[in-house]
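Visitor: Heads up: the protein sequence lines correspond to chains A, B and C, in order.
Under the working numbering, the first residue of the first sequence carries the number 4, and numbering increases by one thereafter.
Under the working numbering, the first residue of the second sequence carries the number 798, and numbering increases by one thereafter.
Under the working numbering, the first residue of the third sequence carries the number 556, and numbering increases by one thereafter.
Beta carbons: idealized from backbone N, C-alpha and C, even for Gly.
The following block contains the structure, expressed as structure tokens.
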Amino acid sequence: MNVFFLSVGLILCILVLLVLYRVVFGPGVYNRIAAISAVGTKTLIILLIMGYLYDRVDMFIDISMVYAFLNFIGCVAAAKYLESEKWMP
Amino acid sequence: MIIFTVLSVIFIVGGLFFFTTATIGLLRFPDFYTRLHATGKGDTLAVFLSLIGIAIYEGITLTGLKILLIALFMFLAQPTATHAISRAGIRSGYKHWTRKDGTK
Amino acid sequence: MVFRKEDIIVSTIARILIPFIQLYALYVIMHGHYSPGGGFQGGVILGASMVLLLLTRGHDEAKYKIPENMVITLSSIGVLIYAGIGFLCILLLGNFLDYSKLAVLLHVDPAHARSLGILGVEIGVGFAVMAVMYSIFLDISTGGVLPEDEEPEEGTEA
């Protein structure tokens, strides 16, 4: 089972690197915020899988739940800030 | 029990498949609103399936119930964040992509 | 920031989720011994939940539920709890923050008193961090001037 979790974690890391292309080269600021939210969602699963690889799941669960909260609040705050007229790309 | 391990592997592989298609959609779609479709729907379903797979592998303990709570929170909160940012895009006048524009 | 007419979907979901976020923050503060957490992390999550209330409801309702005077008073109360426990240990003939001397007040053995003393200090830290985070966000988002205090200017701005 460890080999399976390790391969899933590696594939998720490669997916995060692919999404980072959209963070760097996205034309305008709106594409970057959508991509950052996607990176945060993938990081949540990577944290739980790392908990299984180190055999201490009950320590990594609290961290991943806090990261889910902060991802949501950050995306809503950025969207509220960008609602004015002067952020057209 | 071997049946729980096989079921959990099926759920996690399904979640990984939806993650892959959501990432390919985020890279290849021509406009901001279409990319929001890909990452808003695909990522939410993928996280839900992956967390249910991990909870089945863990069994009925306190840790498994906490993982199910994280899954419920992500199911409620991720579409709301997508809605908030698409509303910000419309309010500030971001133009849609039409077929006459050609490829971006 | 410009606070236009509020959004009904985000507002309803925030109204459902904010109590559970605060309950989880209290859990993180209380379980500082056994799992990652403690005073600072729990205070940050509590402050973030208040920031979510301010973002989705506008200034009027947030000012009605969390008045600014209460926030500034809470940060001072947090520091008072922290320094007060330390000073209480000095009054009982010990060093500063020497929790084992609290055993005479609580009628437990010294090891138990140390654990309870750390818990009390973490609660004080949680109060202070929560209040300061919300107060900083309030100052940055309004530019230091609340919308009711602005004078309508005529002519060009400075």
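#1: Within 8 Å of any Cβ in chain A, is that where the Cβ of C/Ser590 sits?
#2: Would you mind telling me which residues of chain A sit closer than 7 Å to B/Ile851, beta carbon to beta carbon, in chain order?
#3: Which residue's Cα is closest to the Cα of C/Ile600: C/Thr697, C/Leu693, C/Phe692 and C/Met688?
#4: Please compile the residues from chain A whose C-beta is within a distance smaller than 8 Å of the C-beta of B/Val806.
#5: Does the CB of B/Arg884 have a neighbour CB from chain C at under 8 Å?
#6: Taking its Cβ as the centre, do 16 or more other Cβ atoms sit within 10 Å of A/Gly31, making it buried, or is it exposed?
#7: Going by the CB atoms, is the gap between B/Ile809 and A/Leu51 shorter than 8 Å?
#8: Please compile the residues from chain C whose C-beta is within a distance smaller than 7 Å of the C-beta of A/Val27.
#9: Of all the options A/Ser10, A/Val69, A/Val42 and A/Tyr55, which has the alpha carbon lying nearest to the alpha carbon of A/Leu20?
#10: Can at least three beta-carbon pairs, one atom from the stretch 672-680 of chain C and one from the stretch 581-600 of chain C, be found at a separation below 8 Å?
#11: By a C-beta neighbour count over all protein chains shown, 10 Å radius and 16 as the cutoff for buried, is B/Thr895 buried or exposed?
#12: Please classify A/Arg60: is it buried, with 16 or more other beta-carbons within 10 angstroms of its beta-carbon, or exposed?
#13: Measure the alpha-carbon distance for C/Asp653 versus C/Cys644 and round it to whole angstroms.
#14: Listing by chain order, which chain A residues have their CB less than 7 Å from the CB of C/Val565?
#15: Pull up the distance between the alpha-carbon of B/Ser889 and that of A/Tyr57, whole angstroms please.
#16: If I'm right that A/Phe72 touches C/Ala603 with Cβ under 8 Å, what's the distance once you round it to whole angstroms?
#17: Does the separation of the CB atoms of B/Leu823 and B/Thr836 fall below 8 Å?
#18: My assumption, with CB atoms under 8 Å, is that A/Thr46 sits in contact with B/Asp840. Please give the rounded CB distance.
#19: Less than 8 Å between CB atoms is the rule here; does A/Thr46 satisfy it with respect to chain B?
#20: Please confirm whether A/Ile13 and B/Thr817 have their CB atoms less than 8 Å apart.
#21: Buried or exposed: B/Arg825, going by 16 or more other Cβ atoms within 10 Å of its Cβ?
#22: Can you tell me which of B/Thr879, B/Lys892, B/Tyr854 and B/Arg884 puts its alpha carbon nearest to the alpha carbon of C/Asp562?
#23: Name the chain A residues that come within less than 9 Å of B/Thr782, Cβ to Cβ?
#24: Considering only C-alpha positions, which residue in the set B/Met871, B/Tyr854 and B/His880 is nearest to A/Phe7?
#25: Looking at C/Leu608: is its Cβ nearer than 8 Å to the Cβ of C/Ile632?
#26: Please identify the residue among C/Gly698, C/Leu693 and C/Gly641 whose C-alpha is closest to the C-alpha of C/Leu671.
#27: With DSSP run on the structure shown, which of helix, strand or coil describes C/Ser590?
#28: Kindly provide the ranges of any alpha helix (DSSP H) runs that are 4 or more residues long and lie completely inside the stretch 38-87 of chain A, ordered along the chain.
#29: Between which residues of its own chain and C/Gly710 is the CB-CB distance below 7 Å, once the five residues before and five after are set aside?
#30: Going straight from the alpha carbon of C/Met685 to that of B/Thr820, what length do you get?
#31: With a threshold of 16 other CB atoms inside 10 Å of the CB of C/Ala778, please say whether the residue is buried or exposed.
#32: With distances taken Cα to Cα, identify the nearest neighbour of B/Met871 among A/Gly54, A/Ser40 and A/Tyr84.
Guide: Working from what's here:
#1: Chain A contact via Cβ: present.
#2: Simply Leu51.
#3: The option with the nearest alpha carbon to C/Ile600 is C/Met688.
#4: Simply Phe7.
#5: At least one CB atom of chain C sits nearer than 8 Å to the CB of B/Arg884.
#6: A/Gly31 comes out exposed.
#7: For the 8 Å CB-CB criterion, A/Leu51 and B/Ile809 do not form a contact.
#8: Within 7 Å Cβ-Cβ: nothing; A/Val27 doesn't reach chain C, min ~27 Å.
#9: A/Leu20 has its Cα closest to that of A/Val42, out of A/Ser10, A/Val69, A/Val42 and A/Tyr55.
#10: Yes, the stretch 672-680 of chain C touches the stretch 581-600 of chain C.
#11: Taking every protein chain shown into account, the CB of B/Thr895 has fewer than 16 other CB atoms within 10 angstroms, so this residue is exposed.
#12: The question names Arg, but residue 60 of chain A in the sequence shown is Val. Classification for A/Val60: buried.
#13: Straight-line spacing of the CA atoms in C/Asp653 and C/Cys644 works out to 6 Å.
#14: The answer, in chain order, is Val79.
#15: Spanning the two alpha carbons is a distance of roughly 46 Å.
#16: Sure, about 7 Å apart at Cβ, within 8 Å.
#17: Yes, the Cβ-Cβ distance between B/Leu823 and B/Thr836 is below 8 Å.
#18: Their Cβ separation, rounded to whole angstroms, is 12 Å, which puts A/Thr46 and B/Asp840 out of contact at 8 Å.
#19: Taking Cβ atoms only, chain B never reaches closer than 8 Å to A/Thr46, which makes this a no.
#20: Reading off the sequence shown, one finds Leu at residue 13 of chain A, where the question assumed Ile. Not in contact: A/Leu13 and B/Thr817 (Cβ atoms no closer than 8 Å).
#21: It is exposed - the Cβ of B/Arg825 has fewer than 16 other Cβ atoms within 10 Å.
#22: When each option's Cα is compared against that of C/Asp562, the closest is B/Arg884.
#23: Lying before the first or after the last residue shown, residue 782 of chain B is absent from chain B, which here runs from 798 to 901.
#24: That would be B/Tyr854, whose Cα lies nearest to the Cα of A/Phe7.
#25: No, the pair does not count as a contact, with Cβ atoms beyond the cut-off.
#26: Comparing Cα-Cα distances from C/Leu671 to each of C/Gly698, C/Leu693 and C/Gly641, the minimum goes to C/Gly641.
#27: Reduced to three states, the DSSP call for C/Ser590 is coil.
#28: Listed in chain order, the complete alpha helix (DSSP H) runs (minimum 4 residues) inside the stretch 38-87 of chain A are 60-84.
#29: Because C/Gly710 carries a pLDDT of 48, less than 50, the predicted location of this residue cannot be relied on, and no value is offered for it.
#30: Straight through space, the alpha carbons of B/Thr820 and C/Met685 are spaced by roughly 37 Å.
#31: Since the first residue of chain C shown is 556 and the last is 713, residue 778 of chain C is not available in this structure.
#32: Among A/Gly54, A/Ser40 and A/Tyr84, the Cα nearest to that of B/Met871 is on A/Ser40.
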